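Chemist:
Chains as they are written, first to last, in our numbering: chain A, 1 to 512; chain B, 513 to 1191.
1) If contact is defined by three or more beta carbon pairs under 8 Å, each pair taking one atom from either stretch, is the region 646-660 of chain B in contact with the region 710-720 of chain B?
2) Can you give me the start and stop residues for the beta strand (DSSP E) that residue 450 (chain A) sits inside?
3) Between residue 479 (chain A) and residue 329 (chain A), is the Cβ-Cβ spacing less than 9 Å?
4) Determine the extent of the beta strand (DSSP E) in which residue 573 (chain B) is found, giving its start and end residues.
5) For residue 219 (chain A), which residues of its own chain have a beta-carbon under 8 Å away from its beta-carbon, when the five flanking residues on both sides are left out?
6) For the structure I just gave you, are there three or more beta carbon pairs, one from the region 331-344 of chain A and one from the region 254-265 of chain A, closer than 8 Å?
7) On the criterion of 16 or more Cβ atoms from any shown chain inside 10 Å, does residue 618 (chain B) qualify as buried, or is it exposed?
8) Within a Cβ cutoff of 7 Å, which residues of the same chain sit near residue 976 (chain B), ignoring the five residues on either side of it in sequence?
9) Across which residues does DSSP place residue 630 (chain B) in a beta bridge pair?
10) Which residues, in chain order, does the region 559-593 of chain B contribute to contact with chain A at a C-beta distance below 7 Å?
11) Is the distance from the Cβ of residue 944 (chain B) to the Cβ of residue 903 (chain B) below 9 Å?
12) List the residues of chain A that residue 687 (chain B) touches, going by C-beta distances under 8 Å, in chain order.
13) Please report how far the alpha carbon of residue 239 (chain A) lies from the alpha carbon of residue 170 (chain A), in whole angstroms.
14) Do three or more CB pairs link the region 82-93 of chain A to the region 113-121 of chain A at distances below 8 Å?
15) Using only the alpha-carbon positions, how far apart do residue 816 (chain B) and residue 942 (chain B) sit?
16) The ligand GTP and residue 151 (chain A): does any heavy atom of the ligand fall closer than 8 Å to the residue's C-beta?
17) When Cβ atoms are compared, which residues of the region 1121-1135 of chain B fall closer than 7 Å to chain A?
18) Closest Cβ-Cβ distance between residue 34 (chain A) and chain B: below 9 Å?
19) So which residues on chain A does residue 640 (chain B) lean against when the C-beta distance must stay under 8 Å?
20) Using CA atoms only, rank isn't needed, just tell me which of A:459, A:251, A:418 and A:85 is closest to residue 293 (chain A).
21) Does the beta carbon of residue 1009 (chain B) sit closer than 9 Å to a beta carbon anywhere in chain A?
22) Can you list, in chain order, the residues of its chain with a C-beta nearer than 8 Å to that of residue 428 (chain A)? Leave out the 5 residues immediately preceding and following it.
23) Under 8 Å Cβ-Cβ, which residues of chain A neighbour residue 723 (chain B)?
24) With 9 Å as the threshold, decide whether the Cβ of residue 649 (chain B) is near any Cβ in chain A.
25) Is there a Cβ of chain A sitting closer than 9 Å to that of residue 992 (chain B), yes or no?
26) Check each candidate in B:1074, B:524, B:706 and B:1091 and name the one with the smallest Cα separation from residue 624 (chain B).
27) On a CA-only basis, which of B:653, B:667 and B:795 is nearest residue 620 (chain B)? Give me that one, please.
28) In this structure, how does DSSP classify residue 1181 (chain B) when only helix, strand and coil are distinguished?
29) Please state the DSSP three-state secondary structure of residue 1139 (chain B).
30) If you measure between the beta carbons of residue 750 (chain B) and residue 700 (chain B), is that distance less than 9 Å?
31) Considering residue 418 (chain A), what are the terminal residues of the alpha helix (DSSP H) in which it resides?
32) Would residue 307 (chain A) pass as a contact of residue 348 (chain A) if the rule is Cβ separation under 9 Å?
33) Quick check on DSSP: helix, strand or coil for residue 367 (chain A)?
34) Answer with yes or no whether the minimum CB distance from residue 359 (chain A) to chain B is below 9 Å.
35) One question on the structure: do residue 1073 (chain B) and residue 905 (chain B) come within less than 9 Å of each other, judged by their Cβ atoms?
36) How big is the Cα-Cα spacing for residue 748 (chain B) and residue 799 (chain B)?
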């Protein structure tokens, strides 16, 4: 397509920024300022490349684009293979978009170890983009796990009072899953002799083996997404993480789970996915209802948004495992939309946290009088989270449910109660924080958002509304890839019934 | 033209929403009201061009969403039903806008208020112009949002915020079944565009469909979901609890949203989807029963309330019940007819009540009113006009629309129609009773408010009175004027007999009655007026039969209505102690009515407290079960590891990261190498 190795440039450009920041010398103040700017410019350059990629992306084909192939571990035939299709392209764009957002949001609120902070974020960006571009399973694994390190450090160093517990919990959960995934990847390699994802997708392994592999992958992706009941690390991680950490956690890291399902589980283990699909639907339903109810009684703003994230990711689980075009496209759209809305909600929490240094909902109230711009912008994201038509949140929820309705109407009915519960907890949050009679003097003396905060949140709000009114901006580009994924997957669903009979038959034989 | 009618309010909203505070009060008012005048003028022109010239059309604006087989447009479907709704919405909305200029003039946030009104009108117009279910849903939730914003307009009031949230959440219950119904349509028809659905409906009349594990008749299943969806917005019984609380909003909001337009969205939805509901007779029985119950129960509650706005709110709910049972007996055009007359007279009643509240320095309790009629005579006359129309006294509009609704119910071939007739007859009595109870308590007798307040009582400024007058014109004349085209008139009756007899004779022949107007213009008045926008199967056509209902059916509502007025007069004018005596005579009944049949208490117990209780239990479960046997358990087991991890915050970040990376990569390489050799 183009001669430029654009994916590699995007992946490794942040590391150049890291190098520059590490070379900075001088007074602490100067270093802090210079590293802020160095990080910002690096991430903006990366974003520029990402936009270039988006503009040159061919939305009419399901093939991988901007493909790069090189040698890495030659004796084993493990190649360096990068490429994006409709499914991964938007996640790359999202990572490149949210990193500068995070850097700007931390402009004033991070005062200690600024240089290290910026380095951590740039390293994180490298790993995130790498994860979504990698087309070699081992390469994918390196990036996928690499993300853990900077995130662990961001929570553990710049986090709140219980940061050690939170970061450790985050690490433990995720590591457990990834060890199993590593084993599964190696088994796949041993069986097929290939670590190339497109090759693996074209040649699924035997159905009986798929079940075990699927479970191993599931362990990793379910924790990342996170799915109920392995979600308990998320509220703690969010609460303790600095604002920007929460944004990137909600915006990109959670999406790696959903992306993993779409890149590995569905295409490489289609029979197993069809087998486990119904259970996944119900796990998604449980996640939506359970965490929505939990969100209803939270007193901590960040915890509430964190639990709402788990609920929204429940829609993603449901959408992906319907195996229908609407469900999967809805799941992808929901991930994009949730990244923007939830990320922005964390930024909104950060805005008032920077002023009052508390996340306790009851410490606020009636701030619409002194912060009208804030009230407006938070209203937009609140409505997006509620899934009001005209915002991107609606398209994602609606399409996933529409996909699910074709598979299981009862599960859809239960899942759709999330629409009511979601409205209940978000409106309650908004009412208690923004509306009502003024309670606390210091809360109603807070100044409204400054230019930096406005400049940060308004573009995201505009995106949320744009995607709500013109979702085809995304749909047109993910369409062919999803069509192909669904077409391949449906072939296996049809023979899935015979397969399960076979497996049982074999079991009986072996039992005898 | 349709662009002006729909998008003028949106432009008004955006301009005043962004620049309102910078421009100041009067420019904002000019823009918002100007937008409404333009929209109203454009919709009246459309009424001429589409309804009178019989030329419906659809304008596609853009593709909204494409996903697999699902493809949905932003479009404006301008047909007869749409234009009737557009006229009602834009005219009432214009009146309310102008009225608000006066009513809200003392409020610091008048600009925001006007801009919200514009937003509401736009959302409502998107709802009625949709050519697919998804855009309808956009408007549906959009009006919900505007309603939420306007109920909670006085956001420093705790009760207003609570009411706003309640309205949104309860409405969402209906919205989710509407969404499910939409998904059902897609599952059956493969499309959610009206054109496709309506064309295919008859083909799927006998299709089965698995819903929630049950084998159901496809049309019945879809219509059930869609109907429950409409119940939320139109405050039908079980999903009605938000409407009385919504009276926390400023009075113009109650008039526009919670009387004339938004709450009638459910009626519009069902009329719009008549081609589906015609094939779901069981659901139509259900609609009749729900509508009847709503009409009756709301009327009983209305008789004992003291808040002037709540009385009118329950009256609205009751009238919506009438519209629903009309829909249930396939008298769709009668339901829309009643919707239109009701929009005029109920908006009139609300705005008159607003004028009273305005005069009494924001007093809403009727126990603190009385003796006002000499001081505010114009408002008094307006209130009478609205009440006469509501009670169905000729020649006021309500007489025509309510009578045709009740006659259609009586003439319906289904038992549920009979039930609806008798129950609604009882409701007619209660309606006129509480209307005159309201008038007498407010305007007659001795003043019960303080001297100071009474001294301040004054007639509202003319910017508020002119809209009242325009609405009063509608409340007086719209019934007689539109009876003929909307529901077919007396002239049709003579001919109708023939065609009815004709139908009976050829009952077994699948004969289709010709739709072309030809020389029999008057016979097919309503068919020619509504065109294809409403479908009624011949065997369900209760309106045709309604014109042959016995004479007593036509006159009994009038007689009962007059009786209600007389009863109210006797009880509230003659003996001041009489109401108390009645209350003591039937304490249980009174308590039931006064406490609104305890719906709020029951719901609070069943749902609200359960949800919060479960939330608390699950929060604990996260800590005590999942964490305890998950990561925390693991942590205690490996306390040493925890200590190790805790050291990493002390510094050496890069070393750590580096070591991690090296470790991961070397571990990997080792595994890979071994695997490579093994394989």
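Positions of the beta carbon are idealized from the N, C-alpha and C atoms, including for glycine. Since the model is a prediction, treat every value here as computed from it, not as a measurement.
Modeler: So, to answer that:
1) With fewer than three CB-CB distances shorter than 8 Å, the region 710-720 of chain B does not count as touching the region 646-660 of chain B.
2) Residue 450 (chain A) sits at position 450 when you count from the first residue of the first chain. In the DSSP assignment, residue 450 (chain A) falls outside any beta strand (DSSP E) and carries neither an H nor an E.
3) Walking along the first chain from the start, residue 479 (chain A) turns up at place 479. Walking along the first chain from the start, residue 329 (chain A) turns up at place 329. Closer than 9 Å, so yes.
4) In the second chain, counting from the first residue as 1, residue 573 (chain B) sits at position 61. Residue 573 (chain B) -> beta strand (DSSP E) spans 569-579.
5) Taking the first residue of the first chain as 1, we reach residue 219 (chain A) at position 219. Cβ neighbours of residue 219 (chain A) beyond the five flanking positions: 176, 177, 180 and 181.
6) Taking one beta carbon from each stretch, the region 331-344 of chain A and the region 254-265 of chain A have 3 or more pairs nearer than 8 Å; the two touch.
7) Position 106 of the second chain, counting from 1, holds the residue named residue 618 (chain B). Counting Cβ neighbours within 10 Å, residue 618 (chain B) comes out exposed, since fewer than 16 surround it.
8) For the purposes of this step, residue 976 (chain B) is taken as residue 464 along the second chain, with counting starting at 1. Excluding sequence neighbours, residue 976 (chain B) sits near 611, 614, 615 and 867.
9) For the purposes of this step, residue 630 (chain B) is taken as residue 118 along the second chain, with counting starting at 1. According to DSSP, which records beta bridges pairwise, residue 630 (chain B) is partnered with nothing at all.
10) Of all residues in the region 559-593 of chain B, 575, 577, 578, 579, 580 and 582 have a Cβ within less than 7 Å of some Cβ in chain A.
11) The sequence position of residue 944 (chain B) within the second chain is 432, counting from 1. The sequence position of residue 903 (chain B) within the second chain is 391, counting from 1. Going by beta carbons, residue 944 (chain B) and residue 903 (chain B) fall inside the 9 Å limit.
12) As a working note, residue 687 (chain B) is residue 175 in the second chain. Ordered by position in chain A, the residues that pass the 8 Å Cβ test against residue 687 (chain B) are 419.
13) Numbered from its first residue, the first chain carries residue 239 (chain A) at position 239. Numbered from its first residue, the first chain carries residue 170 (chain A) at position 170. Those two C-alpha atoms are separated by around 12 Å.
14) No, they do not touch.
15) For this step, residue 816 (chain B) is matched to residue 304 along the second chain. For this step, residue 942 (chain B) is matched to residue 430 along the second chain. Using only the alpha carbons, I get a separation of about 11 Å.
16) The ligand content of the structure shown is nil, which means the ligand GTP is not present either.
17) Within the region 1121-1135 of chain B, the residues whose Cβ lies closer than 7 Å to some Cβ of chain A are 1123, 1124, 1126, 1127, 1128, 1130, 1131 and 1134, listed in chain order.
18) Along the first chain, read from residue 1 onward, the residue named residue 34 (chain A) stands at position 34. It does not: the Cβ of residue 34 (chain A) has no partner Cβ on chain B nearer than 9 Å.
19) Residue 640 (chain B) sits at position 128 when you count from the first residue of the second chain. Taking a Cβ-Cβ threshold of 8 Å, none of the residues of chain A is close to residue 640 (chain B); the smallest such distance is about 15 Å.
20) As a first step, residue 293 (chain A) must be located in the first chain, where it is residue number 293. Out of A:459, A:251, A:418 and A:85, A:418 has the C-alpha closest to the C-alpha of residue 293 (chain A).
21) As a first step, residue 1009 (chain B) must be located in the second chain, where it is residue number 497. At residue 1009 (chain B) the pLDDT is 40, less than 50, meaning the model places this residue with poor confidence and gives no usable figure here.
22) The count along the first chain starts at 1 and reaches residue 428 (chain A) at position 428. Here the set comprises 296.
23) Here residue 723 (chain B) refers to the residue found at position 211 of the second chain. Annotation: Cβ neighbours of residue 723 (chain B) in chain A (cutoff 8 Å, chain order): 409.
24) As a position in the second chain, residue 649 (chain B) is number 137, starting the count at 1. At least one beta carbon of chain A lies nearer than 9 Å to the beta carbon of residue 649 (chain B).
25) Start at 1 with the first residue of the second chain, and residue 992 (chain B) comes out as number 480. No, because no Cβ of chain A sits closer than 9 Å to the Cβ of residue 992 (chain B).
26) One-based indexing of the second chain puts residue 624 (chain B) at position 112. Checking every option, the nearest Cα to that of residue 624 (chain B) belongs to B:524.
27) The residue you call residue 620 (chain B) lines up with position 108 of the second chain. Measuring from the Cα of residue 620 (chain B), the nearest candidate turns out to be B:667.
28) Sequence index remark: in the second chain, residue 1181 (chain B) carries index 669 (1-based). The answer is helix: DSSP assigns residue 1181 (chain B) an H, G or I state.
29) Position 627 of the second chain, counted from the first residue, corresponds to residue 1139 (chain B). Collapsing the DSSP output to three states places residue 1139 (chain B) in a helix.
30) Against the second chain, residue 750 (chain B) aligns to sequence position 238. Against the second chain, residue 700 (chain B) aligns to sequence position 188. Taking the C-beta atoms as reference points, residue 700 (chain B) is found no nearer than 9 Å to residue 750 (chain B).
31) For this step, residue 418 (chain A) is matched to residue 418 along the first chain. First-last of the alpha helix (DSSP H) with residue 418 (chain A): 409-433.
32) Reading the first chain from its first residue, position 307 is the one you call residue 307 (chain A). Reading the first chain from its first residue, position 348 is the one you call residue 348 (chain A). Result no, Cβ atoms of residue 307 (chain A) and residue 348 (chain A) do not sit closer than 9 Å.
33) Taking the first residue of the first chain as position 1, residue 367 (chain A) is located at position 367. Coil, per DSSP.
34) Walking along the first chain from the start, residue 359 (chain A) turns up at place 359. With 9 Å as the cut-off, residue 359 (chain A) does not count as an interface residue toward chain B.
35) To locate residue 1073 (chain B), count along the second chain from 1; it is residue 561. To locate residue 905 (chain B), count along the second chain from 1; it is residue 393. Cβ atoms of residue 1073 (chain B) and residue 905 (chain B): closer than 9 Å.
36) Within the second chain, numbered from 1, the residue matching residue 748 (chain B) stands at position 236. Within the second chain, numbered from 1, the residue matching residue 799 (chain B) stands at position 287. Approximately 10 Å, taken between the alpha carbons.
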